Every structure is written in C-alpha cells, then in structure tokens.
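Q: Have a look at this one before I ask anything.
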C-alpha cells in the first residue's frame, strides 16, 4: 500500500476537553479522520492503517482504552498509538505504571504509548470528581511539612487557580510516530 493511501484514525475520550484538544491537533497535523470513542464502529477500525487513541487519565486508568484492548485482535496488523492525558508532570516511572496497568503483557510491544499534560479547573469538575479531589486535598493538607513536594504545592495551588498545561508542541513525538515508516 502506498503512503498516500494509508489512513489514520484518531479516536478520543475526553471528559473536560484536554484530550479532545490534543486529538484535534493530531488529526489536523496528519490529516487523519477524527472520532469521539462512542461513535466508533468496527468498520472504522478496519479501514484505517494507523489507530491513534487518546484518553484522560484517572489514577492509572486510561478512560475509554477498552476500545483498543477489546479490539486488539482486529488491530494487530495496524500501527497502534495510545496517549493518556493527565495533570501530573511526566515521569518515566509513573508513565510505566500507567502503561503496565492498562495493557496486558502480550500486547505491550504493539502499543506506542505517550503521556501528555492536560488542564485542571476545579470549578468545572462534576460532583463526583469534586468529591474525589476534595478528599485528595484534605489528605495533602494533612501531610507533614517535610513530605510536601513541589508537585504537592503545585496541585494545591491548582484548586484556586485553573491551570492549562496543554501544548501543541507536545504532540510532535506522536506525529513522528504516526509518520514513521
């Protein structure tokens, strides 16, 4: 198949918008088809050579990633790229935990995995997420002074001041992976 006929599908599951923004940027740069995960049909997966999936990160779980894991047999001959979007700074150890928690050993070598930073606006959280984030905030505030890291300080500041870490430049490694022969 020539490079011109190769087709890319970018699928996303976004709760507050950061994952959707990244998916739109990627699709635009590589001229890919773009679908929200709930609208994907089996035929959409079949007619594309490269499948890119983006989901928001909750603890170590990637929202919506079952669209990849449940269809892995159909996707084994395709290039598979998954990106997770979360609020924490990127650290190899943490990213590996996410990767290992979401993909069984037999498919890990098939998945090209990336992590991108999203945004956080406490006021826009739904009721359940606010409860969870309030519990986390209470836990963090009970920490001893010598246990409080820069990450903890930064997270606590985010409750009062919305933060947006999304960056179009962050998609460059994903675009390179898509375009790699």
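In the working numbering, the protein residues as written are 198 to 378. All C-beta atoms in this analysis are idealised placements derived from N, C-alpha and C, irrespective of residue type, glycine included. All values derive from a computational prediction rather than experimental measurement.
Could you tell me which of 354, 346, 304, 286 sits nearest to residue 270, measuring between CA atoms?
A: Numbered from its first residue, the chain shown carries residue 270 at position 73. Taking residue 270 as reference, the option from 354, 346, 304, 286 with the minimal CA-CA separation is 304.
Q: Would you kindly work out how many angstroms separate the C-alpha atoms of residue 242 and residue 272, rounded to a whole number?
A: Translated into the one-based positions of the chain shown, residue 242 becomes position 45. Translated into the one-based positions of the chain shown, residue 272 becomes position 75. When rounded, the separation of the alpha-carbon atoms in residue 242 and residue 272 is 8 Å.
Q: Which residues in the same chain as residue 226 place their Cβ atom closer than 6 Å to its Cβ, once the five residues preceding and following it in sequence are excluded?
A: Counted from its first residue, the chain shown places residue 226 at position 29. For residue 226, where only same-chain residues beyond five positions count, the Cβ hits under 6 Å are 372.
Q: Can you tell me which of the three DSSP states residue 257 falls into?
A: Against the chain shown, residue 257 aligns to sequence position 60. The answer is coil: DSSP assigns residue 257 none of H, G, I, E or B.
Q: Specify, as a first and last residue, the run of the alpha helix (DSSP H) that residue 230 falls within.
A: Residue numbering aside, residue 230 sits at position 33 when the chain shown is read from its first letter. Looking at the DSSP string, residue 230 is not in any alpha helix (DSSP H); the run it does join, the beta strand (DSSP E), is 230-233.
Q: Taking residue 151 and residue 310 to be in contact with their CB atoms under 8 Å, please state how far apart those CB atoms are, rounded to whole angstroms.
A: Residue 151 lies beyond the stretch modelled for the chain, which goes from 198 to 378, so this question has no answer here.
Q: If you reduce the DSSP assignment to three classes, tell me which class residue 357 lands in.
A: Counted from its first residue, the chain shown places residue 357 at position 160. Note: residue 357 maps to coil in three-state DSSP.
Q: Can you tell me whether residue 256 is buried or exposed, with buried defined as 16 or more other CB within 10 angstroms of its CB?
A: The sequence position of residue 256 within the chain shown is 59, counting from 1. Residue 256 is exposed by the Cβ-count criterion.
Q: State the start and end residues of the unbroken alpha helix (DSSP H) segment that holds residue 243.
A: As a position in the chain shown, residue 243 is number 46, starting the count at 1. First-last of the alpha helix (DSSP H) with residue 243: 239-243.
Q: For residue 301, count neighbouring Cβ atoms within 10 angstroms of its own Cβ and tell me buried if that reaches 16, exposed if not.
A: Residue numbering aside, residue 301 sits at position 104 when the chain shown is read from its first letter. So residue 301 ends up on the exposed side.
Q: Express the C-alpha separation of residue 336 and residue 343 in angstroms, rounding to a whole number.
A: Within the chain shown, residue 343 is the residue found at index 146, counting from 1. Within the chain shown, residue 336 is the residue found at index 139, counting from 1. Spanning the two alpha carbons is a distance of roughly 15 Å.
Q: Can you say whether residue 208 is buried or exposed, counting buried as having 16 or more other CB atoms within 10 angstroms of its CB?
A: In the chain shown, residue 208 corresponds to position 11, counting from 1. Burial is judged here by how many other beta carbons sit within 10 angstroms of a residue's own beta carbon; residue 208 has at least 16 and is buried.
Q: From this set, 285, 219, 331, 240, which residue's C-alpha is nearest residue 279's C-alpha?
A: Here residue 279 refers to the residue found at position 82 of the chain shown. Of the candidates 285, 219, 331, 240, the one whose C-alpha sits nearest the C-alpha of residue 279 is 219.
Q: Going by DSSP, name the residue or residues bridged to residue 224.
A: Locating residue 224 in the chain shown gives position 27, where the first residue counts as 1. According to DSSP, which records beta bridges pairwise, residue 224 is partnered with nothing at all.
Q: Among 293, 314, 313, 315, which has the Cα closest to the Cα of residue 306?
A: On the chain shown, residue 306 is found 109 positions in, with the first residue counted as 1. It is 293 whose Cα lies nearest to the Cα of residue 306.
Q: Only counting the same chain, and skipping five residues up and downstream in sequence, which positions put a Cβ closer than 6 Å to that of residue 287?
A: Here residue 287 corresponds to residue number 90 of the chain shown, with the count starting at 1. The answer, listed in chain order, is 312.
Q: My output table needs one value for residue 266: the three-state DSSP class, helix, strand or coil.
A: The residue given as residue 266 occupies position 69 in the chain shown. Three-state DSSP puts residue 266 in a helix.
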